[in-house]
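Worksheet: one structure, shown below.
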Ligand code: NAD
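Encoded structure:
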């Protein structure tokens, strides 16, 4: 039976690239989309691209910040594909602002998706993987969570929290043959970073020794390695993919 990968927030950006790469590696792909609108504006295209690799793929609508929505989504993916072998916790949002002006709503919104969302999905999928006695969980964190970033108090806090969840899950789930790792991207060209001003982009670029921003496919390559049998003895690690920006 083909293995299945469930990727959250996979209708665009890094999540879409991960879906296509894992499909090319032979995984059936569950493309999580936040809404019906996202299914139409991206999700369906990702599904078509995955299917063109000869695997099965389908969109699953679900809100990662909602515990019950995640439970339903995981149940639906398991019913459709039979197994869940890889979970990529990719869904994320930003609501940037300096701490002095950050509202409670700004903090809570980012925490709900980036932090609680990883708990919700990992909580439900780990049950499936524990029964299978195998699985790979890959969390998308950020260099902001490792080194901080002015204007991203909320975001960097959630991404640091994701690292903590990665380490503890690796220890708890290791005995069930489940690996848990994180990938920490630097500045990657996606809709998330498109909204930054030219000034902000220039400032970020000046701190990247490789002299360019990363591509979603370059994050997908690291994720695909961690999802492969070749990485079977790697767990509890954070792989930084940032063009040496944070060194
Ligand atoms: P993006 O905005 O293009 O994609 C994020 C996806 O998450 C979207 O499809 C969005 O709809 C989805 N999402 C948001 N809230 C959701 C919810 N409640 N339930 C389900 N899905 C939801 O951004 P991206 O750049 O592709 O980011 C992907 C991941 O990579 C995020 O976790 C982000 O924090 C992380 N990251 C990105 C960069 C970068 O430079 N782009 C750098 C470091 C880390």
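In the working numbering, the protein residues as written are 64 to 310.
Quick reminder that beta carbons are idealized off the backbone N, C-alpha and C, glycines included.
Nothing here was measured: the structure is a model prediction, and the numbers come from that model.
Measuring only from the beta carbon, is residue i closer than 7 Å to any heavy atom that is part of the ligand NAD?
i, result
"residue 136", "no"
"residue 248", "yes"
"residue 77", "yes"
"residue 285", "no"
"residue 155", "yes"
"residue 176", "yes"
"residue 306", "no"
"residue 219", "no"
"residue 213", "no"
"residue 127", "yes"
"residue 210", "no"
"residue 201", "no"
"residue 74", "yes"
"residue 185", "no"
"residue 121", "no"
"residue 107", "no"
"residue 205", "yes"
"residue 99", "no"
"residue 95", "yes"
"residue 251", "yes"
Pull up the distance between the alpha-carbon of residue i and that of residue j, whole angstroms please.
i, j, result
"residue 259", "residue 194", "43 Å"
"residue 192", "residue 255", "31 Å"
"residue 100", "residue 86", "23 Å"
"residue 263", "residue 83", "30 Å"
"residue 215", "residue 171", "13 Å"
"residue 208", "residue 70", "21 Å"
"residue 289", "residue 201", "7 Å"
"residue 109", "residue 103", "10 Å"
"residue 169", "residue 118", "39 Å"
"residue 81", "residue 283", "4 Å"
"residue 294", "residue 158", "34 Å"
"residue 182", "residue 239", "18 Å"
"residue 267", "residue 77", "19 Å"
"residue 111", "residue 120", "8 Å"
"residue 241", "residue 124", "26 Å"
"residue 29", "residue 126", "Given that the chain is displayed from residue 64 to residue 310, the structure contains no residue 29 and the question cannot be resolved."
"residue 143", "residue 114", "15 Å"
Could you tell me if residue i is buried or exposed, where buried requires 16 or more neighbouring beta carbons within 10 angstroms of its beta carbon?
i, result
"residue 269", "exposed"
"residue 213", "exposed"
"residue 310", "exposed"
"residue 272", "exposed"
"residue 219", "buried"
"residue 161", "exposed"
"residue 231", "exposed"
"residue 163", "exposed"
"residue 274", "exposed"
Less than 8 Å between the beta carbons of residue i and residue j, yes or no?
i, j, result
"residue 133", "residue 184", "yes"
"residue 146", "residue 301", "no"
"residue 285", "residue 246", "yes"
"residue 137", "residue 187", "yes"
"residue 304", "residue 280", "no"
"residue 73", "residue 94", "yes"
"residue 131", "residue 68", "no"
Pop quiz: residue i and residue j are said to be a contact at Cβ under 8 Å. What is the actual Cβ separation, rounded to whole angstroms?
i, j, result
"residue 177", "residue 155", "5 Å"
"residue 299", "residue 229", "7 Å"
"residue 277", "residue 297", "Actually they are not in contact, since the Cβ atoms of residue 277 and residue 297 sit about 21 Å apart, beyond 8 Å."
"residue 249", "residue 308", "4 Å"
"residue 106", "residue 96", "4 Å"
Given 7 Å as the limit, tell me if residue i has its C-beta closer than that to any heavy atom belonging to the ligand NAP.
i, result
"residue 254", "Of the ligands this structure carries, namely the ligand NAD, none is the ligand NAP."
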